[in-house]
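Colleague:
Numbering (the working numbering), first residue to last: 103 to 400.
Right under this line is the structure:
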């Protein structure tokens, strides 16, 4: 039922030519920059200068996506996100955290706790912001002005380290699969996905030349820890890079992931630029190991 409702909402969003975007940013100049970066005739942008103003706006209008600065003048961002979710009753609503503003350790921990039940993304650059908004609002890129198409082109310059490589996403939340797949495919990666640990292992058996695995930790049944241990139990996957994705950032989490077989670790909400950097680091390393093993066998 959830999937049917989610797809119905997506179809409804695509059918409506004008989408509604809410931008929440305390600084007037930055707020205007965001509106100008995204703006076009196919998106109606409403800007709020505070969390309280944003909460009033969502009671008056339906929004298809929300862009939030990481630091607001009147309330903590995690508190605003939870209030937005309660007032709109739409767990699939995309929320994009934008900017380089620092947050307190308490706020960062709160963001990670809610990331499993909120469609939350974090971006730092104007190019990535435009890319994410286009993705979530299903915009037709060909209809964008030339300067915005150039902005997107810079964000998607073909990276020979990434292009053509195979990535397996294992996550029980279809929203996370959709968001990660859409991002990675824009960088010419071949993306496979599974909604369970057992499903992920089955895909690896059928496609043993996978380059990297993105493994959600908090899955029902066979969780990410158990799945990684089983993968590492097979000789052919001993050197396969596995990046663990977890909603928690507790002391010892990284060590627990590494002990279970993860090559690296990234907390949710996933910082997309950081994830791409990790992929660039680990996939060449995997290729070098595979070449070394092939040389040893010969």
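Don't be surprised by glycine CBs; every beta carbon is placed ideally from N, CA and C.
If you reduce the DSSP assignment to three classes, tell me which class residue 205 lands in.
Modeller: Residue state, collapsed to three classes: coil.
Colleague: Can you tell me where the beta strand (DSSP E) holding residue 369 begins and where it ends?
Modeller: Unbroken beta strand (DSSP E) run through residue 369: 366-369.
Colleague: Would a C-beta distance cut-off of 9 angstroms place residue 299 and residue 326 closer than the cut-off?
Modeller: Cβ distance < 9 angstroms, so residue 299 and residue 326 count as in contact.
Colleague: Taking residue 56 as the reference, give the member of 283, 366, 332 and 178 with the closest Cα.
Modeller: The structure shown does not extend to residue 56, since the chain is modelled only from 103 through 400, so no value can be given for it.
Colleague: Along the chain, where does the beta strand (DSSP E) that runs through residue 294 open and close?
Modeller: Taken as a continuous stretch (DSSP letters only), the beta strand (DSSP E) holding residue 294 covers 292-296.
Colleague: Taking the alpha carbon of residue 370 as the point to measure from, which residue in 316, 251 and 127 has its own alpha carbon closest?
Modeller: Per the Cα distances, 316.
Colleague: Please tell me whether residue 226 and residue 373 are closer than 9 angstroms, where the distance is taken between their beta carbons.
Modeller: Result yes, Cβ atoms of residue 226 and residue 373 sit closer than 9 angstroms.
Colleague: Among the residues of its own chain, which have a CB less than 6 angstroms from the CB of residue 359, if the five just before and after it don't count?
Modeller: So the list reads 346 and 367, once near-sequence residues are dropped.
Colleague: Please say whether residue 208 and residue 169 have beta carbons closer to each other than 9 angstroms?
Modeller: Result no, Cβ atoms of residue 169 and residue 208 do not sit closer than 9 angstroms.
Colleague: In chain order, what are the residue ranges of uninterrupted beta strand (DSSP E) at least 3 long that sit wholly in the segment 191-242?
Modeller: DSSP runs (the beta strand (DSSP E)) wholly in the segment 191-242: 196-200 and 221-225.
Colleague: Which same chain residues, not among the five before or five after residue 156, have their C-beta less than 6 angstroms away from its C-beta?
Modeller: If we look at residue 156 and ignore the five residues flanking it on each side, its Cβ neighbours are 126 and 150.
Colleague: Following the continuous beta strand (DSSP E) through residue 270, name the residue where it begins and the one where it ends.
Modeller: Looking at the DSSP string, the run of the beta strand (DSSP E) that includes residue 270 is 268-272.
Colleague: Write down the C-beta distance between residue 235 and residue 140 rounded to the nearest angstrom, noting that I regard them as a contact closer than 8 angstroms.
Modeller: The pair is a contact, with the Cβ atoms about 5 angstroms apart (cut-off 8 angstroms).
Colleague: Measuring straight from C-alpha to C-alpha, what distance separates residue 252 and residue 160?
Modeller: If I take the Cα positions, the gap works out to 32 angstroms.
Colleague: Measuring CA to CA, which of 288, 196 and 137 is closest to residue 256?
Modeller: Selected option, being the one with the closest Cα: 288.
Colleague: When DSSP builds the beta bridges, which residues end up paired with residue 317?
Modeller: 272 and 346, per the DSSP bridge assignment.
Colleague: When you compare only the Cα positions, how much space is there between residue 188 and residue 269?
Modeller: Approximately 35 angstroms between the Cα atoms of the pair.
Colleague: Does the beta-carbon of residue 117 have 16 or more other beta-carbons within 10 angstroms, so that it is buried, or is it exposed?
Modeller: Low confidence applies to residue 117: its pLDDT is 49, below 50, so where it sits in the model is not reliable, and the reading given next is rough at best. Residue 117 should be labelled exposed.
Colleague: Using a 10 Å radius around the Cβ and a threshold of 16 neighbouring Cβ atoms, would you call residue 245 buried or exposed?
Modeller: Looking at its Cβ environment, which holds fewer than 16 other Cβ atoms inside 10 Å, residue 245 is exposed.
Colleague: How long is the line joining the alpha carbons of residue 152 and residue 196, rounded to whole angstroms?
Modeller: Their backbone Cα atoms lie some 19 angstroms apart in a straight line.
Colleague: Among all the DSSP beta bridges, which residues are the ones paired with residue 171?
Modeller: According to DSSP, which records beta bridges pairwise, residue 171 is partnered with 200.
Colleague: Taking all protein chains shown into account, decide if residue 146 is buried (16 or more other Cβ within 10 angstroms of its Cβ) or exposed.
Modeller: Label assigned to residue 146: exposed.
Colleague: Please report the distance separating the alpha-carbon of residue 329 from that of residue 385.
Modeller: Those two C-alpha atoms are separated by around 20 angstroms.
Colleague: Is the beta carbon of residue 322 less than 9 angstroms from the beta carbon of residue 274?
Modeller: Cβ atoms of residue 322 and residue 274: closer than 9 angstroms.
Colleague: Taking Cβ positions, are residue 267 and residue 314 nearer each other than 9 angstroms?
Modeller: In contact: residue 267 and residue 314 (Cβ atoms closer than 9 angstroms).
Colleague: Between 297, 312 and 233, which has its C-alpha nearest residue 324's C-alpha?
Modeller: It is 297.
Colleague: What are the residues that DSSP puts in a beta bridge with residue 149?
Modeller: Answer is 125, bridged to residue 149.
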